[in-house]
Each structure stands twice: as structure tokens, then as C-alpha cells.
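Structure first, commentary second.
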Amino acid sequence: MNPFGAQACLIDTASGATLLGGDLDARIEAMSRELRGFPAGLLLLPVGWDIDSVCRYLAALHAHRPVALLAPDADAGTIAELCGRFQPAGIWQDHAPPDRPPIGYERTLHGLRRIERAAPTHPELALLMTTSGSTGAARMVRLSRAGVLANAHAIVAALDIGVHDVAPTSLPFHLGYGLSVLNSHLAAGATVLVTAEPVISPGFWSAVDRHRATSFAAVPHTYELLARLHWRPGAHPSLRVLTQSGSRMRAELAELVAGDMERVGGRFHLMYGQTEATARMAVLPADQLHARSASVGLAVPGARLTIRTEDGVETQAPDISGEVIFHGPSVMMGYADAAAALAHGDEHHGVLQTGDIGHFDTHGYLFLEGRLKRMAKIFGLRINLDAVERFASEAGAPGASAAVSRDDDAIVLWCEGEPDPARLDRLARNVAERLRLNRRGVEARAIEHLPVLSNGKVDYRMLAAAAHAALDTSVDTAVAQPSIDGTAA
Numbered sequence: 005m006n007p008f009g010a011q012a013c014l015i016d017t018a019s020g021a022t023l024l025g026g027d028l029d030a031r032i033e034a035m036s037r038e039l040r041g042f043p044a045g046l047l048l049l050p051v052g053w054d055i056d057s058v059c060r061y062l063a064a065l066h067a068h069r070p071v072a073l074l075a076p077d078a079d080a081g082t083i084a085e086l087c088g089r090f091q092p093a094g095i096w097q098d099h100a101p102p103d104r105p106p107i108g109y110e111r112t113l114h115g116l117r118r119i120e121r122a123a124p125t126h127p128e129l130a131l132l133m134t135t136s137g138s139t140g141a142a143r144m145v146r147l148s149r150a151g152v153l154a155n156a157h158a159i160v161a162a163l164d165i166g167v168h169d170v171a172p173t174s175l176p177f178h179l180g181y182g183l184s185v186l187n188s189h190l191a192a193g194a195t196v197l198v199t200a201e202p203v204i205s206p207g208f209w210s211a212v213d214r215h216r217a218t219s220f221a222a223v224p225h226t227y228e229l230l231a232r233l234h235w236r237p238g239a240h241p242s243l244r245v246l247t248q249s250g251s252r253m254r255a256e257l258a259e260l261v262a263g264d265m266e267r268v269g270g271r272f273h274l275m276y277g278q279t280e281a282t283a284r285m286a287v288l289p290a291d292q293l294h295a296r297s298a299s300v301g302l303a304v305p306g307a308r309l310t311i312r313t314e315d316g317v318e319t320q321a322p323d324i325s326g327e328v329i330f331h332g333p334s335v336m337m338g339y340a341d342a343a344a345a346l347a348h349g350d351e352h353h354g355v356l357q358t359g360d361i362g363h364f365d366t367h368g369y370l371f372l373e374g375r376l377k378r379m380a381k382i383f384g385l386r387i388n389l390d391a392v393e394r395f396a397s398e399a400g401a402p403g404a405s406a407a408v409s410r411d412d413d414a415i416v417l418w419c420e421g422e423p424d425p426a427r428l429d430r431l432a433r434n435v436a437e438r439l440r441l442n443r444r445g446v447e448a449r450a451i452e453h454l455p456v457l458s459n460g461k462v463d464y465r466m467l468a469a470a471a472h473a474a475l476d477t478s479v480d481t482a483v484a485q486p487s488i489d490g491t492a493a
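According to our numbering, the residues represented by the sequence shown are 5 to 493, in order.
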């Protein structure tokens, strides 16, 4: 019953239980029986890394039943807001929330069920996913079943995932990258280690070693955390493939991880993806990392990338900057802000305007330059804030950095783990010179850890608020610090 068409294996690292073949099919069938207790329509599905959550997801995909994947700790307010907006058939989970059910819903054995008819859905709709770290009032992405399957098989081909590979669940289930790791290994007939342990815990790495995991996936923030803990992949002999996606990785750290993997005969892949394309869109071959560590690679099999210039022309010619356009079967059907959108068909027809600015080199490798919306205007000059971060790294920032604008008078560069005022001043001067900007236009400030959203990306809103609140301080006191699992506390 694996909807990806292969005989995959799930291992529950907490209990040691192994499900494959008939046993896995039986568990998926059990979840299918739960599914039949809900009326037709979209289901809200809070998912954590446990066997039942994985099998519920697989049962829904097998039955062509659309679900909205939510964080496992989605609160009653978030669920009520989503019920009001999308009129789902129910909330599918073991235990109904302790609060009163949202208006129009009643308790059932496996969650909450809508009393009246649910909003109609398009027959190709498989998933609703949020593009951010939270679900409340979030714009949701509509993904088709065919797109989910296509992207999974494209990643299998791009990373050469085989039946003997073993991947731990190192990223959130309800976000695109974590789901992609699950889908691709299921499509390859590989093994997935289902664990809720955080990646910086000894329990996670004990499971990696005990079950001889062959791959590990993480966002840059996680690699930064692991580096500070002096983690090295060579300490885990079974690891052969590491991947990174989510945002730009510091070149120095990427080189360090790649070198560690090469020494043990493994490989490290930088990747590029968006939820709007189901997940990952490009992969940098491991043998190209040292020569092109700033590149995100080539389009995944079955897809292609182009650059759209300001005059609307799409090209793959080298050294021409413009918006990155992704063409492929995994492109979303469209967005959904309310229930009426659930019945809409495919509005993108395999073409995604990514909102990223980039260019190709002479060999067709994609280099990202920043976001169309990550622009600031300082002293009348348009400044790409992603370029500011790149300049800071090149100027010798010792850790991760994040740039935000403070109105139109300055760029504030938050530097992780750099408390020396003199060094911060030199860094700010260097970046200002690179930008050909008045020295007063760049400020460098220290922060112990950059705040991140639950998807591992930098929380720029929090940093922008801190930039306004800390005009006369040199060391951050206003920004919430990440908790042990990497989310903003």
C-alpha cells in the first residue's frame, strides 16, 4: 500500500519495531479504516515523527484523500482558525484537543468531525502545506498527488538513493524538506528511521549509529549548531550522504563539511527548494562543491531552470541576472487562502516564479543572488540584503550573519558569536566599502544566536524589530534566543 510504489521500511527508534512488507501494509490499512470515519473533504492532520503519523499520511495519499499537514503541537486557536477558513471534514489525530471543539465540529474516536458538509476539493489535490514556520492565518500551498510522487522520484534519481539507504527523520514532518526526505526514501524502497529526538541530542546520534543510517539532511542553522558542538560526520561511520537546503549556507562551513565527508568516502550536496515546487528543485553534485560552493547546482531530473529578465524573456545564457523560474511536474497547483480555493484546478501548469534572483555560470550551474523582496533603500541606493550577508562572509565574519534594514537610514548586520566591538566595526566598514555606501549606512551588532523559525530559516522580522529597539546598544539584548531544538524561544 505504499503509494510511492516500492517496498520500503519504517523503523521506530523508540521501540525498535520494524515495519516492512505486509506489516507496513497492515498498519497503513488500519489507518485507512480510521480515515473512512470522516466525511468527504480536506482533513487537518497534525503530524509528528511517530509511526502512526507516517502511516496516516500514507493512507491518505493512497486513498487520494487531501490532508493539510500541521505541526504536531498545533494549538486550539490555530485549528479553529483553519477550520473557519477551510471548512475541513475533520481533524485527524489520536486525541481530540482538550478545549471545546470549533463551532460546527464534534468529537469522534480519532479526532474531530465536521457536522455539516465540508468544502469540496479538487480530485487531484493531495496536500496543503504552509510555506512558513506557523500555520495560523498562513497562506497554504496546494500540492497535487502527481506532483508529490514526481518530486520524490526526481530526488531519488538526483541523490542516487537505493534500497539499502537508511535516513533518520531529522527535519519537521509538516515542512517541505522533511517531507521530501521521507517521500524520496519511500519511493526508493529504502529505510526511514522514525525518531522525534532533536538532532543535537545524544539519543538521535545513538539511533543513527545503532541502525547504521547512511544519510542525514539538515538546514544551515542545524549545521551551525552541530559545528559549535564540534560534531563531525566521520564519528558516525555509516554516514555516506549529507544534504543541505532551506537557505544559503556559509561557504566556509560548507567546505568544512564537504571535506569531512570526502575523507570518509562520502558526499555532501547543497540543494535548493521551495514548498511551491513540492520540495527540492536543484542539487549541486558533490564533486562540484569546492569549485562552486556558492552554487545551488542543476535542476533535478525531469525539470529545468531558467532566468527571466526584466523584459520578460527567459534564458539559460550565462551571467544574466533575473528571476529564477522553475519548470517541472512538481510545481504547485496554486495557493489557498480560503475554502473556495480547495476546488480550484492547476493554476500554474508546471511553471513557478520563485521570487529569487539568480544567474547561471558558463556550465549551467545556478547561483542565487537574493530575494526580489529582500531589497532595502539606503541613502537613495537599492541594496540587496542577501548580498550584504554574502559580503560579510567574504569579509571574514566568523559565524553566520543576517542583514536587515532599519527604515532608510542603515543596514544592521547581526553577527552570531562576535562580541568584539573593534572587529564588528572593521566588518561594518568593509561591507560598506563593498557596497560603495557611506560608512554610517552599515552597523554590525553581536548576537549569541540568530533567531530562527521552526523551518530553520532566519527570523528576519524579529531581527528587524531588534534593530529598531537597540539603536544605542552594541550587543543584542532584545532578540529571543533559539531553544535547544533551534526554534525561537
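Ideal Cβ positions, reconstructed from N, Cα and C, are used throughout, including at glycine.
Beta carbon of residue i nearer than 9 Å to that of residue j
i    : j    : result
R31  : D54  : no
W418 : A470 : yes
R146 : T135 : no
V274 : L293 : The sequence shown places Leu at residue 274, not Val. Against a cut-off of 9 Å, the Cβ pair of L293 and L274 comes out as a contact.
H126 : M336 : no
S297 : D365 : no
L389 : G403 : no
R312 : G326 : yes
A450 : S334 : no
G306 : A154 : yes
K377 : G362 : no
L186 : V58  : yes
A283 : Y181 : yes
R427 : A436 : no
Same chain only: Cβ atoms within 7 Å of residue i, ignoring 5 sequence neighbours per side
i    : result
A211 : T17, P172, L197, T199, E201
A468 : V408
A130 : L65, P70, L147, S148, R149, V152
L39  : A63, A64, A67, R69
V160 : S188, A191, A192
F272 : L246, V261, A262, M265, A290, L293
I83  : L48, I95, P101, P106
A231 : L257
L454 : A404, A406, W418, E420, V462
F330 : A281, M285, A307, L309, L356, T358
Cα-Cα separation, residue i to residue j
i    : j    : result
E280 : R252 : 18 Å
H367 : L28  : 44 Å
M466 : L229 : 20 Å
W209 : A344 : 45 Å
L74  : R244 : 31 Å
L288 : L302 : 6 Å
R308 : Y109 : 44 Å
L163 : P106 : 44 Å
G94  : H114 : 9 Å
P7   : A191 : 8 Å
R216 : S242 : 5 Å
V51  : D98  : 11 Å
H472 : Y464 : 12 Å
N459 : L179 : 7 Å
H234 : I204 : 11 Å
R386 : M379 : 7 Å
R41  : W96  : Before going on, a small fix: residue 41 reads as Gly here, not Arg. Looking at the two C-alpha atoms, the distance is approximately 10 Å.
L14  : L23  : 5 Å
D411 : K381 : 8 Å
M5   : S249 : 30 Å
E314 : E33  : 52 Å
M133 : Y369 : 29 Å
R433 : P76  : 45 Å
D424 : L431 : 11 Å
Own chain, CB closer than 8 Å to residue i, minus 5 neighbours either side, in chain order
i    : result
A342 : R89, F90
G25  : Q11
P92  : G45, L46, L47, L48, A72, L86, R118, A122, A123
L372 : R252, Y276, V300, V328, D360, I361, G362, D390
H429 : Per the sequence presented here, residue 429 reads as Asp, with His not at that position. A448, listed in sequence order.
T218 : H168, D169, V170, A171, S242, L243, R244, V245
Y227 : Q248, M253, L257, V261
Cβ-based neighbour list, residue i, same chain, cut-off 6 Å, excluding 5 preceding and 5 following
i    : result
A414 : G445, E447
G421 : G403
G207 : E201
G137 : Bear in mind that the predicted position of G137 carries a pLDDT of just 40, short of 50, making it too unreliable to give a figure here.
P322 : F364, D365, T366
*Determine contact between the segment 174 to 184 and the segment 348 to 356, defined as no fewer than three beta-carbon pairs at a distance below 8 Å.*
By the Cβ criterion, the segment 174 to 184 is not in contact with the segment 348 to 356, since fewer than three pairs of Cβ atoms, one from each stretch, lie closer than 8 Å.
Do three or more CB pairs link the segment 313 to 332 to the segment 223 to 230 at distances below 8 Å?
Segments in contact, no.
| So does the segment 254 to 271 actually touch the segment 385 to 404, counting three or more Cβ pairs closer than 8 Å? | Using a Cβ-Cβ distance cut-off of 8 Å, the segment 254 to 271 and the segment 385 to 404 are in contact, since at least three pairs of beta carbons, one from each stretch, lie closer than that value.
TODO: Would you check if there are 3 or more beta carbon pairs closer than 8 Å linking the segment 163 to 171 to the segment 262 to 269?
DONE: Under the 8 Å Cβ criterion, the segment 163 to 171 does not count as touching the segment 262 to 269, having fewer than three qualifying pairs.
Exercise for the section: Taking only runs that begin and end inside the segment 378 to 416, name each unbroken alpha helix (DSSP H) of 4 or more residues, in chain order. Expected result: Runs of the alpha helix (DSSP H) inside the segment 378 to 416: 389 to 398.
>> So within the segment 138 to 192, which uninterrupted beta strand (DSSP E) runs reach at least 3 residues, ignoring any that extend past its ends?
In response: Those beta strand (DSSP E) runs which fall completely within the segment 138 to 192 and span 3+ residues are 144 to 148, 170 to 172.
ask   = Which full runs of the alpha helix (DSSP H) of 4+ residues lie inside the segment 198 to 240, going along the chain?
value = Uninterrupted alpha helix (DSSP H) stretches at least 4 residues long and entirely within the segment 198 to 240 occur at 206 to 214, 224 to 232, given in chain order.
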